[in-house]
Structures are given as structure tokens and as C-alpha cells.
Amino acid sequence: MARDVAGHPARGSMPSVFKERLRPGPLKGPTMDKKTILAILLCILVWIVWQALFVEPQKPVRGPDGGTDAGAIAEKPKIQETEAAASKEPAERKPEERHVLRNDSVEIEFSSRGASARSIKILGFLHRKEDGKLEKDVPADLVTGTGEFAWPFRIRFFDEKTSFKWPKYTDWEIESKESRKVSFVYRSADEQPIPLIRKTFTLEEKGHLLELEVEIQNHLQESIEEQILLEIPSTYQVIEASGCMGCAGAPMVPRAPNCLANGEIAAVETKPGSVVSREPSIGWTGINEQYFLLAAVPVGVDKAACQLEARQDKLMSASLMVPSVTLPPGGSTSHKVRIFCGPKQLDLLKSVKGGTGGESNPAGLERSVDFGWLAFLCLPMLWLLKAFYSLIGNYGVAIIFLTLVVRLLMQPLTNKQMKSMKAMASLKPFMDEIKKKYGDDKARYNEEIMKLYKTHGVSPLTGCLPMLLQMPIWIALYRTLYSSVELYQSAFIPGWIDDLSYRDPYFILPIAMGVGMFLQQKFTPTTADPAQAKMMLYMMPALFTFLMLYLPAGLVLYIFVSSLLSIANQIWFNKKTSQAAAQAPGTR
Numbered sequence: 005m006a007r008d009v010a011g012h013p014a015r016g017s018m019p020s021v022f023k024e025r026l027r028p029g030p031l032k033g034p035t036m037d038k039k040t041i042l043a044i045l046l047c048i049l050v051w052i053v054w055q056a057l058f059v060e061p062q063k064p065v066r067g068p069d070g071g072t073d074a075g076a077i078a079e080k081p082k083i084q085e086t087e088a089a090a091s092k093e094p095a096e097r098k099p100e101e102r103h104v105l106r107n108d109s110v111e112i113e114f115s116s117r118g119a120s121a122r123s124i125k126i127l128g129f130l131h132r133k134e135d136g137k138l139e140k141d142v143p144a145d146l147v148t149g150t151g152e153f154a155w156p157f158r159i160r161f162f163d164e165k166t167s168f169k170w171p172k173y174t175d176w177e178i179e180s181k182e183s184r185k186v187s188f189v190y191r192s193a194d195e196q197p198i199p200l201i202r203k204t205f206t207l208e209e210k211g212h213l214l215e216l217e218v219e220i221q222n223h224l225q226e227s228i229e230e231q232i233l234l235e236i237p238s239t240y241q242v243i244e245a246s247g248c249m250g251c252a253g254a255p256m257v258p259r260a261p262n263c264l265a266n267g268e269i270a271a272v273e274t275k276p277g278s279v280v281s282r283e284p285s286i287g288w289t290g291i292n293e294q295y296f297l298l299a300a301v302p303v304g305v306d307k308a309a310c311q312l313e314a315r316q317d318k319l320m321s322a323s324l325m326v327p328s329v330t331l332p333p334g335g336s337t338s339h340k341v342r343i344f345c346g347p348k349q350l351d352l353l354k355s356v357k358g359g360t361g362g363e364s365n366p367a368g369l370e371r372s373v374d375f376g377w378l379a380f381l382c383l384p385m386l387w388l389l390k391a392f393y394s395l396i397g398n399y400g401v402a403i404i405f406l407t408l409v410v411r412l413l414m415q416p417l418t419n420k421q422m423k424s425m426k427a428m429a430s431l432k433p434f435m436d437e438i439k440k441k442y443g444d445d446k447a448r449y450n451e452e453i454m455k456l457y458k459t460h461g462v463s464p465l466t467g468c469l470p471m472l473l474q475m476p477i478w479i480a481l482y483r484t485l486y487s488s489v490e491l492y493q494s495a496f497i498p499g500w501i502d503d504l505s506y507r508d509p510y511f512i513l514p515i516a517m518g519v520g521m522f523l524q525q526k527f528t529p530t531t532a533d534p535a536q537a538k539m540m541l542y543m544m545p546a547l548f549t550f551l552m553l554y555l556p557a558g559l560v561l562y563i564f565v566s567s568l569l570s571i572a573n574q575i576w577f578n579k580k581t582s583q584a585a586a587q588a589p590g591t592r
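To convert, note that position 311 of the sequence shown is 315 in our numbering; the numbers rise steadily by one, no gaps.
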């Protein structure tokens with residue numbers, strides 16, 4: 005792979021439940037009826053869906069050759085930095101200068117080293133440590149690396165499109181500074197023929213937008229050609245799932261470089277040396293975290309390119325490239341970029357304009373919020389949560405109200421499920437008789453059982469249907485909690501659950517949910533063999549408790565409340581049917 009002299013990869017080229025057959029033979033010991041088998045299969049299905057849908061690292065779109073996709077950049081331009089400066093830092097450098105821009109939402113500290121950002125603090129949001137806990141009085145910082153090559157907003161140049169040499173280490177001068185504006189200028193310290201370059205950062209009075217203008221003035225005696233790359237690097241953040249955390253679908257890559265190109269989100273593998281490039285329609289490119297986004301939006305151009313890298317220096321980066329420009333002697337040009345640095349609130353993201361589609365068009369930053377294929381459920385669910393929150397002021401209570409709404413919507417199916425299970429339970433004496441008579445002939449036993457079901461108009465599948473229909477709702481709520489910054493650091497009961505997007509620190513909710521599920525099964529009629537029924541009575545609650553231990557407290561709260569409502573509903577149904585049976589003719 006071609007590399008620049010700094011050791012970065014050059015831009016990549018792209019072509020422009022199994023079935024187990026039971027052996028025939030006599031049945032030995034207690035046999036599983038169809039309902040028990042279906043319950044076990046349902047457990048397996050829950051496990052598979054959990055793994056397939058909750059553990060969802062982003063993957064790049066790959067072409068036929070295993071590289072990046074077709075229709076992207078055809079060549080591999082080498083990123084420009086002089087050979088003399090590539091190996092080590094110069095012995096003498098100018099003193100570092102710093103300046104802070106701040107408004108009510110963001111605080112950004114800039115450095116003259118590369119005219120880059122040492123820190124980008126999102127005010128009002130606490131920093132989340134690697135163990136998932138919030139750090140008191142420490143704002144969330146979008147700059148995760150140390151050293152000037154890990155700081156955002158450095159610029160670089162390409163060999164094929166640039167006629168001058170650009171050094172690896174650049175010491176800029178602060179030309180002017182204000183409370184929300186700072187200008188850096190770079191003048192070559194040696195005899196290298198480099199034009200004058202000025203970078204001006206302007207932070208909006210309110211909000212999370214930072215405007216960057218890069219101005220290039222050709223004071224040389226000959227024409228020059230230039231093409232710049234604006235770089236946003238970040239450290240890797242790959243959580244090694246261990247124990248039940250891996251089984252519970254812990255996010256594997258919660259921070260990654262992304263790009264909205266040609267209407268699709270592009271990503272890159274975390275393997276060092278991986279490169280993905282896209283062009284020409286770019287909405288934005290940047291570092292996409294679980295709840296925050298640092299993204300660069302091109303302004304005033306009709307085409308651009310992005311490059312996503314998993315670098316060899318334990319960094320990953322997202323870079324924005326603009327078209328090359330030729331400047332005659334005395335000529336000048338400027339490149340404008342709109343930078344978003346803030347929380348992934350949908351209304352906030354949708355308000356950002358820019359991209360190659362035009363400065364007045366939406367940049368598409370809302371695409372950074374990954375609700376997956378269940379967005380049609382997640383978006384209304386989020387709206388409903390926010391509506392309840394606006395009335396109540398507590399997202400935990402809002403989740404409880406959401407649970408009530410879901411249960412009301414599912415009540416017709418739930419009633420059908422309970423009636424079916426009650427009908428199945430009433431058939432148990434007949435099923436025991438069939439088992440006693442045909443227990444050694446499996447084929448005849450199954451045939452007689454199916455006749456019994458048909459005669460009485462019941463089906464074991466009817467009891468499973470409501471649970472299967474609720475699974476997308478569980479998954480959608482999980483995606484909502486995982487992807488929505490509205491629940492970040494939102495407390496339910498202070499001192500216990502201070503962050504609904506993080507697990508219950510004392511595991512009270514998962515255990516209570518398991519107990520609730522146990523009681524729910526206790527009140528549910530069954531046709532299973534007593535030994536099998538006892539096994540399912542303990543296995544299902546244990547499995548779900550295990551799965552819920554490390555999931556967001558908000559999701560566990562939903563399932564716990566849902567279990568309590570199911571218990572109350574089952575008790576009411578049992579009482580109602582008992583009263584109906586007692587009042588029926590011939591029962592007195």
C-alpha cells in the first residue's frame with residue numbers, strides 16, 4: 005500500500021436453527037409436548053436475534069476485489085509531507101500558543117501546533133469513562149487522543165494535486181484572536197517555496213457550529229496547484245466484550261469514522277491499514293460516537309471526497325478533501341468548511357445545512373443516528389418518550405408510561421394468547437390419556453395430539469405469537485435507548501439509576517425482572533409435563549436475567565414493568581374465567 009511520508013495510508017483505489025432429525029424408536033422417560041419445545045425454540049430465537057441485531061458493528065461497503073466500492077477515487081494520491089521532516093520532530097520549534105473559543109454549548113481549545121484543536125468540550129454533558137460511568141464535573145470531550153497528530157483540523161496536501169512540499173510538523177502563528185474567533189497563519193520558516201496559508205475558526209454565538217475558512221495566497225513567482233485535506237482523527241474505542249456482557253450485545257465499536265457519501269453511510273474496518281474513500285457527493289464526514297458527533301461539512305463546492313482510515317499509529321481518522329485549485333502568481337483562494345461538534349439530537353442535526361448538494365440544503369447529519377431497520381418504530385417511540393418527558397420531567401417515568409401504552413396496544417393479542425393457553429391447559433387430561441395410550445408410538449402420538457387440537461380449535465402457536473410480535477418493540481426500544489442522546493445521563497431515581505442509558509449499577513432491575521418473569525410463569529396455565537414445566541419455570545427467567553445484566557437500565561425497566569402488568573393481567577384473567585366457570589350451567 006502506498007503511504008505518505010508521515011506513515012499514513014494513502015487514499016485507497018477502488019474499481020471506478022438447524023433441524024435435528026429424531027430417530028424413530030420408543031420414547032423413554034418424560035417427553036416434551038409441543039408447547040415446551042416451542043418455548044425452548046423461542047429462547048434460542050431470542051438469543052439469536054439478540055446477537056444478530058444488538059451486536060451490530062458498522063461495516064464498510066466493499067467492492068468485488070475486497071477493497072473499497074466502485075465509483076470512488078480512481079487513483080492513490082500520496083499525502084504530502086517532506087521527507088526531511090518525516091522521521092522525527094525538528095530540534096527547535098516555536099513556543100506553542102493556545103486560545104480558547106467558548107459559547108454556552110461548546111468550549112474549544114486551539115493550539116498553534118498544526119492550528120488544531122486540543123480539546124472540544126460539550127458543555128452540559130458529562131464525560132463517560134471507559135467503564136461506562138459518568139465522571140462528575142468533567143465535560144464530554146470529543147478530542148480523545150494526545151499529541152498534535154491526534155488533534156482535529158490539521159490540513160495536509162496531496163502530491164498529485166500540489167506543486168509545493170508541505171512539512172509534517174507545522175508551527176502556526178496566532179494572527180488575531182477574539183472570544184469566538186481565532187486566525188492562524190503559516191509562513192515557511194526555511195527556503196521552501198510554500199504559499200501563505202491562513203486558517204480562521206469562528207464559533208457561532210449559540211449552538212454547536214464552528215465555521216472554518218482556509219485561505220491560500222500565492223506570493224510565489226510561479227503558478228501553483230493545491231488540493232487540501234482536512235483531518236479529524238480519534239483514538240480507537242473497541243470494547244472487549246467479556247462474560248455475559250458479550251452475550252448481552254455490548255456495543256463493540258462505539259466510536260468510528262463515518263461519511264455520508266452518495267446518500268449512504270460509509271465506514272471503515274478497524275484493522276490498521278484499512279482505507280475507504282468516497283466521492284463526489286459528500287454530505288459530511290467525521291468521527292461518529294454513540295451520543296456525539298464531530299463532523300466536517302463542505303460548503304460552496306459541488307463535489308468533494310472523503311477518506312476514512314484505520315491508521316498504523318493506533319488512530320483512526322475521517323478526512324474531507326475538496327477539489328484542487330490552480331493559483332497564478334499573486335492569486336488567492338479560500339475553502340470553507342462547516343464543523344458540527346455536539347450531541348446527536350435529531351432536531352439539532354437536521355438544522356445543519358451544507359454539503360455538495362448546496363449550502364441551503366440539509367447536510368444529512370441526522371443519518372449519524374443509527375436506529376437500524378426499525379427506525380419506523382424507534383422514531384415514534386422517541387417522540388412519545390419526549391412527549392411524556394415534557395409532561396413529567398423524568399425519562400424513567402416516561403418509559404413506564406410508554407410501557408402502559410404498548411401494553412394497551414398489545415392487549416387484544418394478549419387476551420387471545422391467554423385464552424389459547426387456558427384452552428390448552430383444559431386439554432391436559434386428554435393429552436395425558438393420549439400419552440398413556442400411544443406414548444411408545446411417536447408418530448401416532450403426534451397425530452392424535454394434532455387431532456385433539458383441531459377438534460377443540462386451539463393451536464400452540466397462538467400462545468407464542470404475542471411474544472414474537474413484542475420482540476421488535478423490545479429491539480426498537482433498545483435501539484432508541486442506545487442511539488438517543490436524550491437519555492444520556494437522564495436519571496430515574498437519583499442515587500440508584502442516574503443514567504438510563506447505562507446498566508443498573510446494583511443489578512436490582514435485572515434481578516427484579518427475573519423474579520417478575522418467574523411469577524408471571526407461575527400464574528400462567530401450562531400443559532407441559534411437570535418436570536418440563538419446572539425446567540422452563542426457572543430457565544426462562546434465568547436466561548432473560550442473564551441477558552439483561554449489562555443492558556441499559558431503561559430497557560430493563562420497560563421489561564420489568566411489562567412483566568408486572570402481565571402478572572396483574574393474568575391474575576385478573578384467571579379470576580374472570582374462574583367466575584365464569586362457576587356461573588356456567590351445570591357447575592353447581
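The C-beta atom is built at its ideal place from N, Cα and C for all residues, glycine as well.
Check, Outcome
"Excluding the 5 residues flanking A300 on each side, which residues of the same chain have their C-beta closer than 7 Å to its C-beta?", "L234, I236, W288, T289, G290, L324, V341 and I343"
"What's the call for V142, buried or exposed, on a 16-neighbour Cβ count within 10 Å?", "exposed"
"Given S494, which residues of its chain have a CB within under 6 Å of its CB, disregarding the five upstream and five downstream residues?", "Y399 and L504"
"Please list, in chain order, all residues of the same chain as G304 whose beta carbon is under 7 Å from its beta carbon, the five residues on each side excluded.", "K340 and E363"
"Can you give me the start and stop residues for the alpha helix (DSSP H) that S394 sits inside?", "A379 to I396"
"Based on the DSSP output, what are the partners of P156 in its beta bridges?", "BP columns for P156 are empty, so no partner."
"How about S285 and N266: are their beta carbons less than 7 Å apart?", "yes"
"My assumption, with CB atoms under 8 Å, is that V326 sits in contact with A308. Please give the rounded CB distance.", "5 Å"
"What separation, rounded to the nearest whole angstrom, lies between the Cα atoms of K423 and G136?", "44 Å"
"CB P302 to CB T360, shorter than 7 Å?", "yes"
"Please determine if the stretch 166-177 and the stretch 537-547 are in contact, where contact requires at least 3 C-beta pairs separated by less than 8 Å.", "no"
"From the DSSP secondary-structure annotation, give me the bridge partner or partners of W288.", "L264"
"Assuming contact is defined by CB atoms lying nearer than 7 Å, are Y295 and I403 in contact in what I supplied?", "no"
"When DSSP builds the beta bridges, which residues end up paired with E217?", "T204 and K340"
"If contacts are defined as beta-carbon pairs under 8 Å, then P366 and K357 qualify, I think. What distance do you get, rounded to the angstrom?", "6 Å"
"Hey, D145 and S120: beta-carbon distance below 7 Å or not?", "no"
"Please return the same chain residues whose Cβ sits closer than 8 Å to the Cβ of C310, not counting the five positions on each side in sequence.", "C263, A265, A270, S281, R282, E283, I286, T289, A322, S323, L324 and M325"
"Are P276 and Q316 closer than 7 Å when you measure CB to CB?", "yes"
"According to DSSP, simplified to helix, strand and coil, what is V356?", "coil"
"For P476, which of helix, strand or coil comes out of DSSP?", "helix"
"Kindly identify the DSSP beta-bridge partner or partners of L319.", "T239"
"Please name the residue in R371, S180 and W387 whose C-alpha comes closest to that of N292.", "R371"
"For V326, does the three-state DSSP call read helix, strand or coil?", "coil"
"Do R158 and G211 have their CB atoms nearer than 7 Å?", "no"
"Exposed or buried, K172, counting other C-beta atoms within 10 Å across all chains shown (16 or more means buried)?", "buried"
"For N573, collect the residues of the same chain with a Cβ closer than 6 Å to its Cβ; drop the 5 residues on either side in sequence, then sort them by chain order.", "none"
"Just verifying my parser: in three-state terms, what is the DSSP assignment at G128?", "strand"
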